[in-house]
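Below is one structure, written out as C-alpha cells, with a few remarks after it.
In my numbering, the protein residues as written are 4 to 248.
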C-alpha cells in the first residue's frame, strides 16, 4: 500500500486552537482523522483530543494489519469517542459536556470508507472532478426528501447552518458511513474543519487539489482560507491524502 499525506493545523484568528488531527498506518491499512471542537461549548479542544485519541487507539488495537470489519470499526470507534467525552464530562463534574465534530477516513485493500458526524468534511477528487463530498449534519445540507421547495423549507429555519448532532451531546450522535469505494491511482482526499471549507468555494478546493500534489495543495488551501477569513478566521485544519497504489 502506497500513499502520500500532508497534515497541518493553524490557530488563525482564534484565541486557541480547538481542532485536532492525525493519522497512523500499518503496511496494509491507514486511518486519517480530523476533529473540530465546538466553540459554543467549553473545552471543545478536549472533546476533539479525546475523539482523536479514541479513534487512533481503536485502530492500533484492531489493525493486524488490516481492519477486519471496516464499517463496524468506524461506527464503534465513533460511538466510543462519544462515550469517552461524556465520561470525561461526568468525572470532571462539568455542567455542560464538551463537544466536537469528526470525520475519519479508512483506506485498505485498494478501497476507502469514511465516517463523519457534524460539519467536518471529506472531499474525494479523481482527476479534475469531485467524486464525493460528505453532507454536513445541518438543516441547510440535510434537506428532507419530500420538501416541495428547498428555498421555502430553508426560509422557515432561523438557524439553518446550526448542527443538529455532534459527539459529546446528551443524545446519541447521528453519523453517516460511506460504502466501500474502489480507489484509482492519483485519487485525492481532503479531510478538513469548517475553518477551511467555510471560507472557500468548492471550485477553489477541487481546482487546487487537481493541479498539485497534497504537499503543495493543502498548504495553499489553508493559506487561502485564512486570507479570506481575515483577522477573525476560524481554526483551519486539513489532512490531504493521495492514493498511489
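Note that the Cβ used here is the ideal one computed from N, Cα and C, for glycine as well.
Under 8 Å by Cβ, that's how I've got residue 178 and residue 118 pegged, so tell me the actual separation to the nearest angstrom. 6 Å
Roughly how many whole angstroms lie between the Cα atoms of residue 98 and residue 220? 42 Å
Between the Cα of residue 70 and the Cα atoms of 144, 112 and 46, which residue gives the shortest distance? 112
Could you pull out every residue in the same chain whose Cβ sits closer than 8 Å to the Cβ of residue 148, ignoring the five residues on either side in sequence? In this prediction, residue 148 has a pLDDT of 49, which is less than 50 and means its spatial position is unreliable; what the coordinates show is noted afterwards. Answer for residue 148: no residue qualifies.
Under 6 Å Cβ to Cβ from residue 202, same chain only, skipping five residues before and after it: list those, please. 228, 231 and 232
For residue 239, count neighbouring Cβ atoms within 10 angstroms of its own Cβ and tell me buried if that reaches 16, exposed if not. buried
Please classify residue 18: is it buried, with 16 or more other beta-carbons within 10 angstroms of its beta-carbon, or exposed? exposed
Name the DSSP bridge partner or partners of residue 135? 127
Answer yes if the stretch 188-207 comes into contact with the stretch 30-40, meaning at least three C-beta pairs across the two stretches below 8 Å, and no otherwise. yes
Counting Cβ pairs closer than 8 Å, one from the stretch 77-94 and one from the stretch 56-65, do we hit at least three? yes
Opposing strand residues paired with residue 13 [DSSP bridges]: 239
Where does residue 48 fall in DSSP's three states? helix
Close beta carbons around residue 138, own chain, < 8 Å, minus the five adjacent residues each side: 144, 145 and 179
Just curious, the alpha helix (DSSP H) that residue 229 is in, first and last residue? 217-232
Between the C-alpha atoms of residue 100 and residue 171, what's the straight-line distance to the nearest angstrom? 6 Å
Exposure label - residue 124; buried when at least 16 CB within 10 Å: buried
Contact check, residue 114 vs residue 4 under 8 Å by CB: the rounded distance? About 11 Å separates the two Cβ atoms, so there is no contact after all.
Residues bridged to residue 28 [DSSP beta-bridge criterion]: 33
Residue 173 to residue 14, Cα distance in whole Å? 28 Å
Please identify the residue among 225, 49 and 66 whose C-alpha is closest to the C-alpha of residue 29. 66
Given a threshold of 16 other Cβ atoms within 10 Å of its Cβ, counted over all protein chains shown, does residue 47 qualify as buried or as exposed? buried
Beta-ladder partner(s) of residue 84, from DSSP: Paired residue(s): none; residue 84 is not in a bridge.
Which value, in whole angstroms, describes the spacing of the CA atoms of residue 208 and residue 181? 21 Å
Taking buried to mean at least 16 other C-beta atoms within 10 Å of its own C-beta, is residue 103 buried or exposed? buried
Between the C-alpha atoms of residue 136 and residue 206, what's the straight-line distance to the nearest angstrom? 13 Å
Thinking C-beta only, is residue 217 closer than 9 Å to residue 33? no
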